[in-house]
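With our numbering applied, the sequence shown corresponds to residues 8 to 165, in that order. Note sheet for the following structure.
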Amino acid sequence: MTTQPTFGTAINIHQNESVAGTVERFQRLFNTLCAGNMAGLGDVYSPHVRFMDPFEAIEGLDELRAYFDKVYSNVTACRFIFGNVLISDNNACIEWTMHLTHPRLRRGREVTVQGISRLTIAEGRVEFHRDYFDAGELLYENLPVLGSAIRLVRSFAS
Numbered sequence: 008m009t010t011q012p013t014f015g016t017a018i019n020i021h022q023n024e025s026v027a028g029t030v031e032r033f034q035r036l037f038n039t040l041c042a043g044n045m046a047g048l049g050d051v052y053s054p055h056v057r058f059m060d061p062f063e064a065i066e067g068l069d070e071l072r073a074y075f076d077k078v079y080s081n082v083t084a085c086r087f088i089f090g091n092v093l094i095s096d097n098n099a100c101i102e103w104t105m106h107l108t109h110p111r112l113r114r115g116r117e118v119t120v121q122g123i124s125r126l127t128i129a130e131g132r133v134e135f136h137r138d139y140f141d142a143g144e145l146l147y148e149n150l151p152v153l154g155s156a157i158r159l160v161r162s163f164a165s
């Protein structure tokens with residue numbers, strides 16, 4: 008059985024140490040974010056950052072901070088295990104597994120979701136961040152009534 012490293016190994020197609028350093032700060036940041044602790048966002052993200060995930064599209068650091076404040080407001084625990092990192096010029100793709108505990112998901116038991124973040128970095132800060140993950144795996148399958156129905160449908164499909 009293999010285990011994933013806490014921080015991914017950077018695979019540089021075109022060496023860019025500035026991007027690799029920003030990726031390392033990004034990984035550290037996401038293992039320290041929690042309700043009431045968004046202080047490190049300005050150290051990693053550009054003031055004009057564009058962010059997208061399956062639930063939201065945001066422009067600007069203030070909007071990102073407000074979104075993460077909302078997302079993390081009821082989170083009991085959240086940690087990321089980062090896998091491989093692919094860097095090319097000023098772009099990076101980072102594999103991750105999120106371990107999330109939220110009182111409204113799975114009756115407060117941990118939810119595990121795999122995803123990838125795509126980053127564009129300039130001047131040592133993230134200008135563009137897009138997360139790719141299965142929103143059903145994170146949210147819909149883990150809600151009390153809806154989750155049972157979705158899991159049943161998925162079992163018929165497989």
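All residues carry an ideal CB built from backbone N, CA and C; glycine is no exception.
Beta bridge counterpart(s) of residue i as assigned by DSSP
i: residue 64; result: 59
i: residue 32; result: For residue 32, which the question treats as bridged, DSSP gives no partner whatsoever.
i: residue 87; result: 105
i: residue 132; result: 129
i: residue 137; result: 59, 125
i: residue 44; result: 41
C-alpha gap between residue i and residue j, whole angstroms
i: residue 52; j: residue 116; result: 31 Å
i: residue 171; j: residue 70; result: One cannot answer for residue 171 here, as it falls past the ends of the chain, which runs 8 to 165.
i: residue 122; j: residue 38; result: 15 Å
i: residue 92; j: residue 58; result: 19 Å
i: residue 108; j: residue 94; result: 30 Å
i: residue 8; j: residue 55; result: Because the pLDDT of residue 8 is 47, which lies under 50, any placement of that residue in the model is unreliable, and the question is left without a value.
i: residue 142; j: residue 103; result: 15 Å
i: residue 79; j: residue 138; result: 16 Å
i: residue 140; j: residue 44; result: 24 Å
i: residue 90; j: residue 34; result: 10 Å
i: residue 88; j: residue 134; result: 23 Å
Whole-number beta carbon distance between residue j and residue i, since they are thought to touch under 8 Å
i: residue 166; j: residue 86; result: Residue coverage of the chain in this structure runs from 8 to 165, which leaves residue 166 outside it and unanswerable.
i: residue 74; j: residue 66; result: In fact, because the Cβ distance is near 11 Å, the residues do not count as touching under 8 Å.
For residue i, the first and last residue of its enclosing alpha helix (DSSP H)
i: residue 48; result: 48-51
Endpoints, the beta strand (DSSP E) within which residue i is located
i: residue 120; result: 118-129
Beta-carbon proximity of residue i to residue j, cut-off 8 Å
i: residue 83; j: residue 110; result: yes
i: residue 132; j: residue 100; result: no
i: residue 136; j: residue 119; result: no
i: residue 30; j: residue 97; result: no
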